[in-house]
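S.K.: Numbering (the numbering used here), first residue to last: 1372 to 1677.
Below is the structure I would like to discuss, written out as structure tokens.
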Ligand code: PSU
Ligand code: MN
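Okay, here's the thing in structure tokens:
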């Protein structure tokens, strides 16, 4: 029995060797409210298709790992309440018990690796939380990047995280962090975190070549591409800083821990910005989908030349 069920378009693309872009589902179930989450999920899939690749949104539904969802499945997830949030630690137990869950960055990378998909687009990755020296809250996404060969296109890390510490952990874990088209590390809602990214690349081709080279050299793990939000959609850091501080304080007051932390903060920031954070979030995810489709296409071209 196959380890996963591909959607019809993903099955065709796998058979033809055409470019595929993995997409996560925690952003749908725990990252945005209904109905915008469904609209965004559909829009991002359409963006990937318009850029010449096939979208593969990942989820576990009734114990089956789905690589690419039908529209009915996508709608079901977007409306569902109490869907599990699956990271590396939760995947196997969810499949084994016939459960349903949405995949985080870490779990989406695992699903992509199983299906042989090399490129994945999302909004923001998990990282080292502010105050991690006390809470020890470091996302499994970082360790997944160190061991699973998938190039993840994100808009950097949200300012709910400690970005310098996140970069330190990625460096320790041997994960290349590549800013796209600029020297600075982007910070999700803003184009700069105020510090330089470890690497810079200006084309999808260069990112694809680095991905392929890593495999050739036998170095495990993936790459993090930090793609700055389009200028027109940027929200400046000073506007968000007090909101993030408030959300972080509220999480502490309510005793939120473990995997509840990130969803709580995302929901609280959405409330406190009266939805403004969402408009920017949508723009950056769409932007990341386009770059991911380009990298996947370039990687396919390298594979055919080799
Ligand atoms: N950061 C965002 N938006 C998100 C997430 C993180 O800006 O939707 C989600 C992703 O699915 C990510 C997960 O993989 O949260 C990280 O959760 P944790 O911090 O519990 O590892
Ligand atoms: Mn955590």
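Where is the CB? At the ideal position from N, CA and C, for every residue including glycine.
1) In whole angstroms, give me the CA-to-CA distance for residue 1542 and residue 1536.
2) May I have the straight-line CA-CA distance separating residue 1466 from residue 1433, to the nearest angstrom?
3) In this structure, what does DSSP give as the bridge partners for residue 1655?
4) Among all the DSSP beta bridges, which residues are the ones paired with residue 1561?
5) Taking 8 Å as the cut-off, does the segment 1502-1519 touch the segment 1471-1485 (at least 3 CB pairs, one atom from each stretch)?
6) Could you tell me which of 1667, 1673, 1525 sits nearest to residue 1490, measuring between CA atoms?
7) Answer yes or no: do residue 1582 and residue 1519 have a C-beta to C-beta separation smaller than 8 Å?
8) Hey, quick one: how far does the alpha helix (DSSP H) through residue 1513 stretch, first residue to last?
9) So, does the segment 1656-1663 touch the segment 1589-1603, judging by three or more C-beta pairs under 8 Å?
10) By DSSP, does residue 1613 sit in helix, in strand, or in coil?
11) If we ignore side chains and look at the alpha-carbon of each, how far apart do residue 1404 and residue 1623 end up?
12) Can you find a heavy atom of ligand 1 that lies under 7 Å from the Cβ of residue 1536?
13) Name, in chain order, the residues that DSSP records as bridge partners for residue 1599.
14) One question on the structure: do residue 1494 and residue 1525 come within less than 8 Å of each other, judged by their Cβ atoms?
15) Would you check if the distance between the CB atom of residue 1391 and the CB atom of residue 1424 is smaller than 8 Å?
16) Which residue wins for smallest C-alpha separation from residue 1528, given the options 1547, 1643, 1559, 1640?
17) Quick one: residues in its chain with C-beta nearer than 7 Å to the C-beta of residue 1446, no 5 flanking neighbours on either side, listed in chain order?
18) What residue does the alpha helix (DSSP H) around residue 1641 start on, and which one ends it?
19) Are there three or more Cβ pairs, one per stretch, closer than 8 Å when the segment 1427-1443 is compared with the segment 1373-1384?
20) Determine which residues share a DSSP beta bridge with residue 1571 and list them.
21) Does residue 1496 come out as helix, strand or coil in the three-state DSSP assignment?
22) Going straight from the alpha carbon of residue 1611 to that of residue 1618, what length do you get?
23) Relative to the C-alpha of residue 1594, which residue among 1549, 1670, 1562 is closest?
M.R.: On the basis of the supplied data:
1) Between residue 1542 and residue 1536, the C-alpha separation is close to 10 Å.
2) One alpha carbon belongs to residue 1466, the other to residue 1433, and they sit about 8 Å apart.
3) The partner list for residue 1655 (beta bridge, DSSP) is empty, contrary to what the question assumes.
4) The bridge partners DSSP lists for residue 1561 are 1558.
5) With the cut-off at 8 Å, the segment 1471-1485 and the segment 1502-1519 touch.
6) With distances taken between Cα atoms, residue 1490 lies closest to 1667.
7) Contact flag unset, no.
8) For residue 1513, the enclosing alpha helix (DSSP H) stretches over residues 1511-1518.
9) Touching, yes.
10) In the structure shown, residue 1613 sits in a helix (DSSP, three-state: H, G or I).
11) If I take the Cα positions, the gap works out to 22 Å.
12) Not under cutoff, so the answer is no.
13) As DSSP reads the structure, residue 1599 sits in no beta bridge.
14) It is a contact, given that the beta carbons lie within the stated cut-off.
15) If you check the CB distance, residue 1391 and residue 1424 come in under 8 Å.
16) The residue with the shortest Cα to Cα distance from residue 1528 is 1559.
17) So the qualifying residues of the chain are 1409.
18) In this chain, the alpha helix (DSSP H) harbouring residue 1641 covers 1632-1643.
19) Result yes; three or more Cβ-Cβ pairs closer than 8 Å.
20) Residue 1571 pairs with 1550.
21) Coil, per DSSP.
22) If you take the alpha carbons of residue 1611 and residue 1618, they lie about 10 Å apart.
23) Taking only the C-alpha atoms, the option nearest residue 1594 is 1549.
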